[in-house]
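Chains as they are written, first to last, in the numbering used here: chain P, 2 to 415; chain A, 2 to 415.
Number of protein chains: 2
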Amino acid sequence: MTGTTTDTFGAEIMSRIDDLAALSESPDGLTRRYLTPEHRQANDLVGRWMGDAGMTVRQDAVGNIIGRYEGVSEGLPAVLIGSHLDTVVMAGKFDGMLGVITGIACVGELNRRGRRLPFAVEVVGFGDEEGVRFQSGYLGSHALAGNFEPALLERRDADDISLAEAMTAFGLDPARVGDAARRAPDVLAYLELHIEQGPVLESQGLPVGVVTTIAGATRLAVSLTGEAGHAGTVPMTLRHDALAAAAECILAVERVCAESPNLVGTVGQIAAEPGASNVIPGSVRFTVDLRAAEDPHRTTALDELMVLLEAAAKRRGVAIEIEKVHEAASVPCDAQLSDLIAGAIERSGWRVQRLPSGAGHDAAAMAGLAPVGMVFVRCEGGVSHNPAESITAADAEAGARVLFQVLNDFPGGS
Amino acid sequence: MTGTTTDTFGAEIMSRIDDLAALSESPDGLTRRYLTPEHRQANDLVGRWMGDAGMTVRQDAVGNIIGRYEGVSEGLPAVLIGSHLDTVVMAGKFDGMLGVITGIACVGELNRRGRRLPFAVEVVGFGDEEGVRFQSGYLGSHALAGNFEPALLERRDADDISLAEAMTAFGLDPARVGDAARRAPDVLAYLELHIEQGPVLESQGLPVGVVTTIAGATRLAVSLTGEAGHAGTVPMTLRHDALAAAAECILAVERVCAESPNLVGTVGQIAAEPGASNVIPGSVRFTVDLRAAEDPHRTTALDELMVLLEAAAKRRGVAIEIEKVHEAASVPCDAQLSDLIAGAIERSGWRVQRLPSGAGHDAAAMAGLAPVGMVFVRCEGGVSHNPAESITAADAEAGARVLFQVLNDFPGGS
């Protein structure tokens, strides 16, 4: 990745980021959920870029878009480079997309140079990582890694559409999701470049870093059922207010997580029914997201939290149901791949910063199939999951350069 | 109200209650907001019943449906009997509707007997009392009482439709809302029959009671603006979580109101943005509803609450805006009308129970125009604003009987 073609590399990546960010379900901010018309448009656009970079393009059985650049001979095992194309609600434009676009840029560069490696390179744009629509993350990478959970097909989104129905509407066959699974011998490694979404690299003045571990996470769906009633006539002492109970739970999440510097906990979604200003809420649903780089920190906090939530509900005469909708142990990145990445960073002239990832990534799901390695790119203020998410073109280019170097340094690659 | 016609009176009222309850925006529970197609259907149905009872029917400039039964000569001042036809979300079927249907039943009985009183009787079905759609209650009764606030025309509902736009879509002219106002000399009194929505009459074993005062109320719309961010990467100590701040505010409302037995406070609506399980909420909006029979209890609590809310927001680095969207002082019912009601109850053979109303009613708005009197009807368990809201046909008939007697006892009426 030297010479005139690379000088505008960062600019091309940034331009493609903007093109993808234009595909949004809402006009006033980027929202692109799994299996929506905008997901279709994103797959089409990314597929065109993959084709332009010399790849053969297909959409797999779960809706991931995959480009394949053959090695020195056809059908060789592949190094996969990927990240996701779905977003949170009112998202930033780099989270996920940067890894897909950078992967395509690397293959485009191989293609421009007419280079074939002793392995194939595939770039994957996963359809669902954030889990916004069906409250279950990594649907795309779990399916590719062969760990898709068929029971999820019955799960319903906020519009009461099941995952199976959404797949059918998208043109997929829910009975054939298993076809998305890849065989381990065909996948040499999985590499993912992603914005850090935290403040460490910025504080160190570094454009890129090597990820050591991906934090484990637990996601809960909590339902509280109290008693609706007239806001003017039911004395405070006779109330079973589901929202007041939820408020107590939210503060318990905050309190438990404040006890450990390595733990974070978030209530991101809440809905109170019936939802009128003059009616006592009879039921409330909310989510809890708990994460820690060290699994024992998370599981201990979870146990403590369950006790607090159940006690708060019981004291208020409110019924509580706590469903664990997602759980992922922390995932260490592969030591050899991490050393390759570190070497590439060093050769580019930067100090090597190793850091854990507080956020989950497709790499965590892909670790079930192949060794994984991750490159982090600095982002402004550590801000992510927010329209203010921002990186520089120079940092995008730095990340792409490291990724390209890793491909070249990969055993058998140089 | 004696003889064979009245024996099935309660049954007819209950049957009409069910007919009105079938006009709902949602199939799984009764919701009928102001200026919706279901409001139109309710006005049409109630207008037919009014016509059947011998009334001339018109819809006024704000969407109230009004039937008029002339007195011994045309154009006499009128006694108004009214209540509202709109509902909360997932409502009970008696709140509001019972007063309108009972009023029609009384006029129907006069009509069957061929009786004309020395005053006209009008029955009003108010279009908006609950304020669910535009977060401002009593729109119908305020307009009729000549106290409609024109600035409200710009207020927008959850679908971003302004009140003016909704009126136009309903076939009303927002520029002519003032035409709904009645002249004080034309209105002798306003009577309202309503379910108690509380537990007092049931605990006393009485079907009906006389309302002494309608509680004052303050409704707030609170907006919190913190900072959205990734649920996995922002340390707890660096967060400005708008939902955690809201949780603290909700518990403050509860705590302040628990300090006084005469005070109730409710957070009934809440919305957190962006609203994904893995994103720290950047903004939250919620409502606060405060009520007390004695105004100083409410205003003191409001002052205390404002201080607590602002302190909680400040400590968390979250911006707070508190808008007072509704405020109504407590309203005493007219002493002479209340004595008329008490006399009618006594003559029916029941002990007279006088009690304040914790809930607001159109009578509170109508007190700006005429003396008001209210009859309460017992409801099961005090439950209201809830699909479980329930009364017996016998109690409905008891209420109608009292109302009919008051009309007959009204000065000049017998």
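For glycine and all other residues, C-beta sits at the position ideal for the given N, C-alpha and C.
- Contact annotation for A:Ile251 against chain P: Leu244, Ala245, Ala248 [CB-CB distance below 7 angstroms, chain order].
- Along the segment 82 to 114 of chain P, the positions whose C-beta sits under 7 angstroms from a C-beta of chain A are Val89, Val90, Met91, read in chain order.
- Residues of the segment 267 to 287 of chain A whose Cβ lies closer than 9 angstroms to any Cβ of chain P, in chain order: Thr267, Val268, Gly269, Gln270, Ile271, Ala272, Ala273, Glu274, Pro275, Gly276, Ala277, Ser278, Asn279, Val280, Ile281, Pro282, Gly283, Val285, Phe287.
- Counting the other Cβ atoms within 10 Å of the Cβ of P:Val308 gives fewer than 16, which makes it exposed.
- Here A:Arg286 is bridged, per DSSP, to A:Ser224, A:Ala272.
- For P:Glu311, the uninterrupted alpha helix (DSSP H) run begins and ends at 296 to 316, by DSSP.
- Going by C-alpha positions, P:Ala23 is about 58 angstroms away from A:Leu81.
- Taking P:Val254 as the centre and dropping the five residues before and after it, the same chain places the C-beta of Gly266, Val268, Val289, Leu306 closer than 7 angstroms to its C-beta, in chain order.
- Between the alpha carbons of P:Gly318 and P:Pro208 lies a gap of roughly 53 angstroms.
- For P:Leu21, the uninterrupted alpha helix (DSSP H) run begins and ends at 10 to 22, by DSSP.
- Proximity to A:Ala92 across A:Asn409, A:Val384, A:Phe411, A:Phe120 peaks at A:Val384, based on C-alpha coordinates.
- Contact with chain P is absent for A:Ala23, since none of that chain's Cβ atoms lies less than 9 angstroms from the residue's Cβ.
- Using a Cβ distance threshold of 9 angstroms, P:Cys258 and P:Leu225 do not count as a contacting pair.
- A straight-line Cα-Cα distance of about 26 angstroms links A:His40 and A:Leu221.
- Sequence-distant Cβ neighbours of A:Ile66 in its own chain, meaning closer than 6 angstroms and more than five residues away, are Asn44, Val47, Gly48, Gln60, Gly126.
- Selection A:Asp96, A:Gly83, A:Gln406 evaluated against A:Leu21 yields A:Asp96 as nearest (Cα-Cα).
- Straight through space, the alpha carbons of A:Val378 and A:His85 are spaced by roughly 16 angstroms.
- Residues of chain P whose Cβ lies closer than 9 angstroms to the Cβ of A:Cys258 are, in chain order, Met237.
- Contact annotation, P:Met367 with P:Val373: C-beta distance approximately 5 angstroms; criterion of less than 8 angstroms satisfied.
- At a beta-carbon threshold of 7 angstroms, the residues of chain P lying near A:Asp290 are Ala232, Ser278, Asn279, ordered along the chain.
- Under a criterion of Cβ atoms nearer than 9 angstroms, no residue of chain P is adjacent to A:Asn65; the nearest Cβ is some 20 angstroms distant.
- In the DSSP assignment, P:His40 falls within the alpha helix (DSSP H) that extends over 38 to 53.
- Of the candidates A:Glu13, A:Gly30, A:Thr88, A:Ala62, the residue whose Cα lies closest to the Cα of A:Trp50 is A:Glu13.
- By the rule that beta-carbons nearer than 9 angstroms mark a contact, A:Glu39 does not touch chain P.
- Annotation: the segment 315 to 392 of chain A contains the following complete segments of the alpha helix (DSSP H) (minimum length 4 residues), in chain order: 336 to 348, 363 to 367.
- Beta-bridge partners assigned by DSSP to A:Thr214: A:Pro333.
- Here A:Leu153 is not near A:Leu356, since their CB atoms are 9 angstroms or more apart.
- Between the alpha carbons of A:Gly172 and A:Val178 lies a distance of about 12 angstroms.
- Contact annotation, P:Arg34 with P:Arg134: C-beta distance approximately 4 angstroms; criterion of less than 8 angstroms satisfied.
- Inclusion of A:Pro78 and A:Asp187 in the CB contact set at 9 angstroms is warranted, their separation being smaller than that value.
- The beta carbon of P:Ser391 does not come within 9 angstroms of any beta carbon belonging to chain A, so the residue lies off that interface.
- At a C-beta separation below 7 angstroms, P:Val178 has no neighbours in chain A, since its nearest C-beta there lies roughly 23 angstroms away.
- For A:Gly199, the closest C-alpha among the options P:Glu228, P:Gly233, P:Ile196 is that of P:Gly233.
- For P:Arg316, the closest C-alpha among the options P:Ala246, P:Thr219, P:Val332 is that of P:Ala246.
- For A:Ala394, the CB contacts under 8 angstroms within the same chain, skipping 5 residues up- and downstream, are Gly11, Ala12, Ile14, Met15 in chain order.
- Contact note: P:Glu305 does not reach chain A at a C-beta cutoff of 9 angstroms; the least C-beta distance is about 15 angstroms.
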